[in-house]
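Protein chains in written order, with the working numbering: chain A, 363 to 522; chain R, 324 to 649. Cβ coordinates follow ideal geometry from the N, Cα and C atoms, glycine included. See below for the structure under consideration.
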Ligand SMILES: Cc1cc2nc3c(=O)[nH]c(=O)nc-3n(C[C@H](O)[C@H](O)[C@H](O)COP(=O)(O)OP(=O)(O)OC[C@H]3O[C@@H](n4cnc5c(N)ncnc54)[C@H](O)[C@@H]3O)c2cc1C
Ligand code: FES
Ligand code: FES
């Protein structure tokens with residue numbers, strides 16, 4: 363059985379020893395203790411498990427460890443730099459863009475990729491980009507507001 | 324999920340060897356967005372997964388002004404829809420992808436996997452229902468909750484084909500390149516898909532040890548416009564209730580050539596020659612659109628709860644055709 367012995371996660375090469383058939387989500391959570399990405403539906407329908415693979419948001423629940431090997435993985439734990447949260451994380455806190463918080467890491471990873479590609483997304487684009495991320499608490503209006511706010515922060519203008 | 328062996332292959336020959344000849348004992352893994360879901364629900368229980376993403380050069384989009392597009396089977400939906408040339412010249416394909424699933428799935432999903440995805444019929448997807456498609460004796464949709472099922476080409480099973488890119492590609496005249504590592508064949512995409520009446524267990528002609536390596540799309544004739552339009556129940560990600568891919572090449576104020584392919588209403592992308600005939604030689608005015616839409620659904624035989632799909636699909640056809648003039 364093929365084994366995977368290394369994953370590039372949040373800028374560091376993590377030594378592991380797992381079956382290539384395991385899901386990336388389970389390896390991140392159970393072997394690397396990176397519990398930010400969540401298990402929701404397990405079948406690519408809810409976005410709770412979204413991480414970045416070579417910069418693109420993908421559902422880790424249906425990505426095999428074998429296909430993740432060799433790619434650069436970023437999880438919500440990897441966003442903070444020198445003690446500074448990513449502006450979108452700041453914005454989520456300021457706006458209170460969560461209730462239970464279960465969807466938050468996935469929302470933030472999808473949002474971070476969006477802001478990287480488009481520093482000034484309008485509401486329609488935010489909604490379109492986050493459509494695969496479900497929030498069962500219904501915090502959507504605040505989530506959209508947080509993305510708008512982070513966009514303002516990233517453009518250097520403070521709150522949008 | 325049942326434990327399985329995982330192998331990576333470097334070429335189609337290795338893939339064929341690893342896939343073997345025993346049906347579904349080994350499955351091809353590409354992006355995994357459909358296959359992993361199926362395995363978690365025990366709809367398929369392969370002993371081996373064959374990861375083809377390690378085959379080099381199948382992730383390329385190649386353009387040729389005369390020959391058209393050559394897509395490697397591993398090109399992701401996101402990359403395809405972002406390609407400027409695809410958006411401009413193969414518009415229906417880009418539009419179909421924009422309307423497929425959500426961004427994170429499109430980042431992982433490959434075009435080859437999209438064409439081979441399994442149906443979304445809720446009886447089929449239910450782990451505990453053994454329907455015709457899973458080797459059982461009955462299609463539960465016939466007398467059951469059939470609001471999302473086929474109105475054309477159904478029987479004995481009434482699935483609809485779930486792919487949005489597929490109708491667009493059929494309308495654009497795409498072909499698929501299939502190989503078992505030794506023999507390679509090129510098949511019009513239209514003939515790649517099969518009806519339940521031909522084989523209720525499968526949706527396409529692939530043998531157990533064959534893989535799709537490429538999708539070829541001929542360059543549209545000058546002046547050609549293509550549109551993909553989809554109606555779904557909810558406005559965020561959802562499969563089609565009805566969709567249409569239309570490709571129109573004008574000729575001196577009227578329609579020179581046309582292709583009309585329906586999605587979400589039949590077990591395969593449903594090309595309607597009658598609708599195409601109603602268009603050719605006519606000016607694209609409201610009367611022509613109405614005749615084409617009528618012709619497109621003339622053969623529909625709805626089940627108890629999906630009669631609404633007939634006027635819905637007609638409206639989608641009319642609107643898609645009118646958008647080719649926009
Ligand atoms: C929540 C959700 C919503 C979705 N919505 C839509 C939608 O609106 N429209 C739409 O079109 N699709 C939709 N999809 C389906 C999605 O597009 C497919 O799951 C995806 O395209 C499959 O590609 P993949 O590379 O992940 O394939 P995989 O999951 O790896 O494989 C899918 C199947 O194809 C086979 N296969 C893969 N590659 C090849 C190849 N090269 N040759 C032969 N066989 C192969 C596999 O063995 C498997 O049976 C949705 C999926 C989900 C989970
Ligand atoms: S847990 Fe992966 S999308 Fe829901
Ligand atoms: S905050 Fe609870 S699911 Fe979004």
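*Mark residue 502/R as exposed unless 16 or more other C-beta atoms lie within 10 angstroms of its C-beta, in which case mark it buried.*
Translated into the one-based positions of the second chain, residue 502/R becomes position 179. Burial is judged here by how many other beta carbons sit within 10 angstroms of a residue's own beta carbon; residue 502/R has at least 16 and is buried.
_Applying the 10 Å Cβ sphere with the 16-neighbour rule, what's the burial state of residue 332/R?_
Sequence index remark: in the second chain, residue 332/R carries index 9 (1-based). So residue 332/R counts as buried.
*Measure how close the beta-carbons of residue 349/R and residue 373/R come, nearest whole angstrom, since I'm counting them as under 8 Å.*
Here residue 349/R is taken as the residue at index 26 of the second chain, counted from 1. Here residue 373/R is taken as the residue at index 50 of the second chain, counted from 1. Their Cβ separation, rounded to whole angstroms, is 6 Å, which keeps residue 349/R and residue 373/R in contact under 8 Å.
*residue 407/A: beta carbon under 6 Å from a heavy atom of ligand 3?*
In the first chain, residue 407/A corresponds to position 45, counting from 1. Here the distance from the Cβ of residue 407/A to the nearest heavy atom of ligand 3 is not below 6 Å.
*DSSP puts residue 377/A in a beta bridge; with which residues?*
In the first chain, residue 377/A corresponds to position 15, counting from 1. In the DSSP secondary-structure assignment, residue 377/A is bridged to 368/A.
*How is residue 414/R classed by DSSP in three states: helix, strand or coil?*
As a first step, residue 414/R must be located in the second chain, where it is residue number 91. In the structure shown, residue 414/R sits in a helix (DSSP, three-state: H, G or I).
*asked:* What does the Cβ neighbour count give for residue 553/R, buried or exposed, with the cut at 16 atoms within 10 Å?
replied: As a position in the second chain, residue 553/R is number 230, starting the count at 1. Under this definition residue 553/R is a buried residue.
*Contacts that residue 374/R makes with chain A (C-beta to C-beta distance below 7 Å)*: Here residue 374/R is taken as the residue at index 51 of the second chain, counted from 1. Close partners of residue 374/R in chain A (Cβ separation under 7 Å): 428 and 429.
*Using a C-beta cutoff of 7 Å, does residue 430/R count as contacting chain A?*
Reading the second chain from its first residue, position 107 is the one you call residue 430/R. Yes - at least one Cβ of chain A is within 7 Å of the one on residue 430/R.
*Is the CB of residue 382/A under 7 Å away from at least one CB in chain R?*
In the first chain, the residue the question calls residue 382/A occupies position 20. Yes, residue 382/A lies at the interface with chain R (some Cβ there is under 7 Å from its Cβ).
*Taking the C-alpha atoms as reference points, what is the distance between residue 398/A and residue 407/A?*
The residue you call residue 398/A lines up with position 36 of the first chain. The residue you call residue 407/A lines up with position 45 of the first chain. In a straight line, the C-alpha of residue 398/A is about 18 Å away from that of residue 407/A.
*asked:* So for residue 586/R, helix, strand or coil by DSSP?
replied: If you number the second chain from 1, residue 586/R lands on position 263. Of the three classes helix, strand and coil, the one that applies to residue 586/R here is strand, per DSSP.
*Exposed or buried, which one is residue 495/A when buried takes at least 16 other CB atoms within 10 Å?*
Taking the first chain and counting its residues from 1, the one referred to as residue 495/A is at position 133. That one is buried.
_If you reduce the DSSP assignment to three classes, tell me which class residue 535/R lands in._
Position 212 of the second chain, counting from 1, holds the residue named residue 535/R. Under the three-state reduction of DSSP output, residue 535/R falls in the strand class.
*Span of the alpha helix (DSSP H) holding residue 349/R?*
Position 26 of the second chain, counting from 1, holds the residue named residue 349/R. Taken as a continuous stretch (DSSP letters only), residue 349/R belongs to no alpha helix (DSSP H), being part of the beta strand (DSSP E) at 349-352.
*Quick one: which residues of the region 324-336 of chain R get their C-beta closer than 8 Å to a C-beta of chain A? List them in chain order.*
Within the region 324-336 of chain R, the qualifying residues are 326, 327, 328, 329, 330 and 331.
_Residue range of the unbroken beta strand (DSSP E) whose run includes residue 632/R_ = Walking along the second chain from the start, residue 632/R turns up at place 309. Where residue 632/R is concerned, there is no enclosing beta strand (DSSP E), although the alpha helix (DSSP H) it sits in stretches over 632-646.
*Quick one: what's got a C-beta closer than 7 Å to residue 459/R's C-beta in the same chain, skipping five residues either side?*
Here residue 459/R refers to the residue found at position 136 when the second chain is read from its first residue. Cβ within range, chain order: 453.
*Is the closest heavy atom of ligand 5 to the C-beta of residue 419/R under 6 Å?*
Ligand 5 is not part of the structure shown, which contains ligand 1, ligand 2 and ligand 3 as its ligands.
*asked:* Quick check on the contact list: which residues have their beta carbon closer than 5 Å to a heavy atom of ligand 3?
replied: My final list is 460/A, 461/A, 462/A, 464/A, 465/A, 497/A, 498/A, 499/A and 501/A.
*Listed in chain order, which residues of the region 489-506 of chain A have Cβ atoms closer than 7 Å to some Cβ of chain R?*
Listed in sequence order: 491, 493 and 494.
*At a Cβ threshold of 7 Å, is residue 427/R touching chain C?*
Of the protein chains in this structure, namely A and R, none is chain C.
*When you compare only the Cα positions, how much space is there between residue 617/R and residue 549/R?*
As a first step, residue 617/R must be located in the second chain, where it is residue number 294. As a first step, residue 549/R must be located in the second chain, where it is residue number 226. Their Cα atoms are separated by approximately 20 Å.
*With DSSP collapsed to three states, give me the class of residue 410/A.*
By one-based count along the first chain, residue 410/A stands at place 48. If DSSP states are grouped into helix, strand and coil, residue 410/A belongs with coil.
*So which residues of chain R does residue 404/A contact, with C-beta pairs closer than 7 Å?*
To locate residue 404/A, count along the first chain from 1; it is residue 42. Against chain R, a Cβ distance below 7 Å from residue 404/A picks out 363.
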